[in-house]
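K.L.:
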Amino acid sequence: MAVLTADLDDILEDVFERVTQTRIFKNRDVLLPDYLPDKLPHRETQIRKVASVLAQALRGYRPNNLFIYGLTGTGKTAVVKLVVRKLVEKARERGIRLEIPIINTKRDDTPYRVLAKLIESLGLRVPATGIATAELYARFKKFLDKKGLLMIIVLDEIDYHVKKHGDDLLYKLTRINEELSRSKVSLVGITNDVNFTSWLDPRVKSSLGEEELVFPPYTADQLKDILRERAKTAFVEGALEDGVIELCAALAARENGDARKALDLLRISGEIAQREGSSKVTVAHVRKAWEQIEKDRVVEVVRSLPLHSKLLLYSILTLTKGERATYTGEVYKRYKELTAELGIETLTLRRVGDLISELDMLGIISTEVVSRGRRGMTRMITLESDPEAVRRGLLSDPMVAELAG
DNA sequence: CTTCCACAGGAACCAGCGGACC
DNA sequence: GGTCCGCTGGTTCCTGTGGAAG
Numbered sequence: 002m003a004v005l006t007a008d009l010d011d012i013l014e015d016v017f018e019r020v021t022q023t024r025i026f027k028n029r030d031v032l033l034p035d036y037l038p039d040k041l042p043h044r045e046t047q048i049r050k051v052a053s054v055l056a057q058a059l060r061g062y063r064p065n066n067l068f069i070y071g072l073t074g075t076g077k078t079a080v081v082k083l084v085v086r087k088l089v090e091k092a093r094e095r096g097i098r099l100e101i102p103i104i105n106t107k108r109d110d111t112p113y114r115v116l117a118k119l120i121e122s123l124g125l126r127v128p129a130t131g132i133a134t135a136e137l138y139a140r141f142k143k144f145l146d147k148k149g150l151l152m153i154i155v156l157d158e159i160d161y162h163v164k165k166h167g168d169d170l171l172y173k174l175t176r177i178n179e180e181l182s183r184s185k186v187s188l189v190g191i192t193n194d195v196n197f198t199s200w201l202d203p204r205v206k207s208s209l210g211e212e213e214l215v216f217p218p219y220t221a222d223q224l225k226d227i228l229r230e231r232a233k234t235a236f237v238e239g240a241l242e243d244g245v246i247e248l249c250a251a252l253a254a255r256e257n258g259d260a261r262k263a264l265d266l267l268r269i270s271g272e273i274a275q276r277e278g279s280s281k282v283t284v285a286h287v288r289k290a291w292e293q294i295e296k297d298r299v300v301e302v303v304r305s306l307p308l309h310s311k312l313l314l315y316s317i318l319t320l321t322k323g324e325r326a327t328y329t330g331e332v333y334k335r336y337k338e339l340t341a342e343l344g345i346e347t348l349t350l351r352r353v354g355d356l357i358s359e360l361d362m363l364g365i366i367s368t369e370v371v372s373r374g375r376r377g378m379t380r381m382i383t384l385e386s387d388p389e390a391v392r393r394g395l396l397s398d399p400m401v402a403e404l405a406g
């Protein structure tokens, strides 16, 4: 352990030396998830389709509603944003009154907030709460009609909204044109969930699906092209060892052809290489990055859990030790002991069941409803993620740390 | 074949909060 | 300043259920 004997100056000197000497990145930012490139390889047909539907706006007509499906990281949002950017430019040149708000309904996840965003896009401020949603909708309609313009509303990740709040708002928006005299509205819905339409009222479905477009997952080869394209501006020449791009592409292709994941992976591989003072990004760096992404995700998710979920997870962790399975009853018993020890209130079994489901959906644990015959129905619970990462996430909470002693 | 366990998970309801409206 | 509103994060009460034990 040379590190223990070296003195601080030497260590820091060494680290600074390595980090500044080696140059891997030319422009790291182009690998970040929110970077919007002006070239999107293998999305020509989708760009064409979106553009041809929305371009009606340039002639002053209301474009057909458009519905876009595709898994995460297939370029849906990027394509739409790119087309919208150009379209708004053109409309301005031609003096057409066109407004295209893009609303992420996962971030703004209530009907209220969606409407608030819409009103804000018309240039008006809205209180964060306090008004009935129906009233807000009435206001939106009024202001919109007064302005007399063409509005294309892009609702990103719309499946979240509908699953949480139903298709009420969507239904109203698809029919809003009947109540407007001076303005027109088109809708673009974007969803990750391919079976999403089963959640919709048939009338909404047919109206929203005037035009439909599917974004297929990228293949490994296509991901390679995307990564190569970005790598050109992201890395200094010769910084990538042979096979790095191929491996990133292959790993991400396995994850449903997710381009975002592929880009993350490449970026983090580069960061690891840089930190190690290596002059090249190697395949080994990619493998490390892959593990790190998963662990970081787990630590972060666990850290941001509410206290009672953490206590449940802590119960699961100690009961399973990362190996065997446990059951709802066992977990609840352990959980009650923990809350008693901390002197805090205990949630009901009903609520705990929901919290366990949430942990399952987050991918931290996996559960399966099983019958143990006379011993009743229960959920079989196994820890799905790296126990060390889970422990780290949990111990960052002072309450849990107190329990662990 | 029937019983019966130990929960799953739906439905309805509630308290408290922050904030706008009148 | 009381009232109304939506949201969060709970509770209470309830009906449903797969399969080992009897």
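Sequential numbering of the first sequence, starting at 2, is according to my numbering. Even for Gly, the Cβ is constructed at its ideal location relative to N, Cα and C.
1. Whether or not the region 353-371 and the region 265-284 are in contact is what I'm after, with contact meaning three or more pairs of Cβ atoms, one per stretch, closer than 8 Å; do they touch?
2. Return yes when the Cβ of Ser367 is within less than 8 Å of the Cβ of Glu389, no when it is not.
3. In three-state terms, what does DSSP make of Arg126?
4. Could you give the first and the last residue of the continuous alpha helix (DSSP H) run that contains Tyr336?
5. Looking only at C-alpha atoms, which of Ile246, Ile101 and Ala133 sits nearest to Leu83?
6. Could you give the DSSP three-state label for Met2: helix, strand or coil?
7. For Arg392, which three-state DSSP category applies?
8. Quick one: Cα of Arg44 to Cα of Ser184, how far?
9. Which of helix, strand or coil does DSSP assign to Asp169?
10. Do Arg29 and Arg268 have their C-beta atoms closer together than 8 Å?
11. May I have the straight-line CA-CA distance separating Lys206 from Asp168, to the nearest angstrom?
12. Whole angstroms are fine: how far does the CA of Ile345 sit from the CA of Arg392?
13. On the premise that Leu171 lies in contact with Leu224, defined as a C-beta separation below 8 Å, what is that separation, rounded to the nearest angstrom?
14. Given a cut-off of 8 Å, decide if Thr73 and Asn178 are closer than it, judged by their beta-carbon atoms.
15. Go ahead and pull the three-state DSSP assignment for Glu272.
16. By the DSSP assignment, the alpha helix (DSSP H) with Ser397 in it spans what residues?
17. Cα separation between Ser416 and Asp39?
18. In chain order, what residues of the same chain lie with their CB nearer than 8 Å to the CB of Thr283, ignoring the 5 residues before and after it?
19. Grab me the residues of Ala221's own chain with a C-beta within less than 7 Å of its C-beta, minus the 5 sequence neighbours each way, in chain order.
20. Could you pull out every residue in the same chain whose Cβ sits closer than 6 Å to the Cβ of Lys372, ignoring the five residues on either side in sequence?
21. Can you tell me the Cα-Cα spacing of Pro112 and Arg204, whole angstroms?
22. Alpha carbon to alpha carbon, how far is Asp361 from Glu369?
23. Do Gly76 and Val215 have their C-beta atoms within less than 8 Å of each other?
24. On the premise that Ile365 lies in contact with Gly190, defined as a C-beta separation below 8 Å, what is that separation, rounded to the nearest angstrom?
25. Run through DSSP, which three-state label would Asn192 get?
26. Measuring CB to CB, does Leu350 end up less than 8 Å from Ser316?
27. To the nearest angstrom, how far is the alpha carbon of Phe26 from that of Gly271?
28. Where do the N-terminal and C-terminal ends of the beta strand (DSSP E) with Val370 fall, by residue?
29. Does the region 47-60 come close enough to the region 86-93 that 3 or more CB-CB pairs lie under 8 Å?
30. One question on the structure: do Glu212 and Asn66 come within less than 8 Å of each other, judged by their Cβ atoms?
31. Measuring alpha carbon to alpha carbon, tell me which of Lys107, Ile97, His162 and Val155 ends up nearest Lys148.
32. Short of 8 Å in beta carbon distance, which residues of its chain neighbour Met2, apart from the five on each side in sequence? Order them along the chain.
33. Where Arg93 and Leu308 are concerned, what is the direct C-alpha to C-alpha distance, given to the nearest angstrom?
P.N.:
Here's the rundown:
1. Using a C-beta cut-off of 8 Å, the region 265-284 makes no contact with the region 353-371, since fewer than three inter-stretch Cβ pairs fall below that distance.
2. Indexing the first sequence from 1 puts residue 389 at position 388. Indexing the first sequence from 1 puts residue 367 at position 366. No, they are not a contact pair.
3. Sequence index remark: in the first sequence, residue 126 carries index 125 (1-based). Secondary structure of Arg126 (DSSP, three-state): coil.
4. Here residue 336 refers to the residue found at position 335 of the first sequence. Tyr336 -> alpha helix (DSSP H) spans Thr329 to Leu343.
5. Indexing the first sequence from 1 puts residue 83 at position 82. It is Ile101.
6. Stepping through the first sequence from its first residue, residue 2 is reached at position 1. Its pLDDT being 48, under 50, Met2 is placed unreliably in this model, and the value from its coordinates should be taken loosely. Correct three-state label for Met2: coil.
7. By one-based count along the first sequence, residue 392 stands at place 391. In the displayed model, Arg392 falls within a helix according to three-state DSSP.
8. Locating residue 44 in the first sequence gives position 43, counting from the first residue. Locating residue 184 in the first sequence gives position 183, counting from the first residue. Taking C-alpha positions only, Arg44 is separated from Ser184 by approximately 32 Å.
9. Taking the first sequence and counting its residues from 1, one reaches residue 169 at position 168. DSSP places Asp169 within a helical segment (H, G or I) once states are collapsed to three.
10. By one-based count along the first sequence, residue 29 stands at place 28. By one-based count along the first sequence, residue 268 stands at place 267. Result yes, Cβ atoms of Arg29 and Arg268 sit closer than 8 Å.
11. Counting from 1 along the first sequence, the entry for residue 206 is found at position 205. Counting from 1 along the first sequence, the entry for residue 168 is found at position 167. Lys206 and Asp168: Cα-Cα distance of roughly 10 Å.
12. Counted from its first residue, the first sequence places residue 392 at position 391. Counted from its first residue, the first sequence places residue 345 at position 344. In a straight line, the C-alpha of Arg392 is about 22 Å away from that of Ile345.
13. Counting from one through the first sequence, the residue named residue 224 turns up at place 223. Counting from one through the first sequence, the residue named residue 171 turns up at place 170. Not quite, the Cβ-Cβ distance comes to about 33 Å (not below 8 Å), so this is no contact.
14. Locating residue 178 in the first sequence gives position 177, where the first residue counts as 1. Locating residue 73 in the first sequence gives position 72, where the first residue counts as 1. Between Asn178 and Thr73, the CB-CB gap reaches or exceeds 8 Å.
15. Within the first sequence, numbered from 1, the residue matching residue 272 stands at position 271. DSSP places Glu272 in helix when its eight states are reduced to three.
16. Here residue 397 corresponds to residue number 396 of the first sequence, with the count starting at 1. Element bounds for Ser397: n/a, residue is neither H nor E.
17. In the structure displayed, the chain extends from 2 to 406; residue 416 sits before or after that span and is not available.
18. Along the first sequence, read from residue 1 onward, the residue named residue 283 stands at position 282. Answer for Thr283: Glu242, Val245 and Ala274, listed in chain order.
19. Within the first sequence, the letter at position 220 stands for residue 221. Within the same chain, and ignoring the five residues on either side of Ala221 in sequence, the residues whose Cβ sits closer than 7 Å to its Cβ are Ala250, Ala251 and Ala254.
20. In the first sequence, the residue the question calls residue 372 occupies position 371. The identity of residue 372 in the sequence shown is Ser, whereas the question assumes Lys. Leaving aside the five residues that flank Ser372 on each side, the residues in its chain whose CB is nearer than 6 Å to its CB run, in chain order, Met378.
21. If you number the first sequence from 1, residue 112 lands on position 111. If you number the first sequence from 1, residue 204 lands on position 203. Their Cα atoms are separated by approximately 19 Å.
22. Locating residue 361 in the first sequence gives position 360, where the first residue counts as 1. Locating residue 369 in the first sequence gives position 368, where the first residue counts as 1. C-alpha separation (whole angstroms): 10 Å.
23. Translated into the one-based positions of the first sequence, residue 76 becomes position 75. Translated into the one-based positions of the first sequence, residue 215 becomes position 214. Gly76 places its beta carbon 8 Å or farther from that of Val215.
24. Sequence index remark: in the first sequence, residue 190 carries index 189 (1-based). Sequence index remark: in the first sequence, residue 365 carries index 364 (1-based). About 30 Å; that fails the 8 Å criterion.
25. If you number the first sequence from 1, residue 192 lands on position 191. Per the sequence presented here, residue 192 reads as Thr, with Asn not at that position. DSSP places Thr192 in strand when its eight states are reduced to three.
26. Position 349 of the first sequence, counted from the first residue, corresponds to residue 350. Position 315 of the first sequence, counted from the first residue, corresponds to residue 316. Between Leu350 and Ser316, the C-beta gap is not smaller than 8 Å, which leaves the two residues out of contact.
27. Taking the first residue of the first sequence as 1, we reach residue 26 at position 25. Taking the first residue of the first sequence as 1, we reach residue 271 at position 270. The alpha-carbon separation between Phe26 and Gly271 amounts to approximately 7 Å.
28. Stepping through the first sequence from its first residue, residue 370 is reached at position 369. Run containing Val370: Ile366 to Ser372, per the beta strand (DSSP E) assignment.
29. By the Cβ criterion, the region 86-93 is in contact with the region 47-60, since at least three pairs of Cβ atoms, one from each stretch, lie closer than 8 Å.
30. Indexing the first sequence from 1 puts residue 212 at position 211. Indexing the first sequence from 1 puts residue 66 at position 65. Cβ distance < 8 Å, so Glu212 and Asn66 count as in contact.
31. Counting from 1 along the first sequence, the entry for residue 148 is found at position 147. Measuring C-alpha to C-alpha distances from Lys148 to each of Lys107, Ile97, His162 and Val155 identifies Ile97 as the nearest.
32. As a position in the first sequence, residue 2 is number 1, starting the count at 1. No answer about Met2 holds up, because its pLDDT of 48 lies below 50 and its placement is not dependable.
33. Within the first sequence, residue 93 is the residue found at index 92, counting from 1. Within the first sequence, residue 308 is the residue found at index 307, counting from 1. Approximately 51 Å, taken between the alpha carbons.
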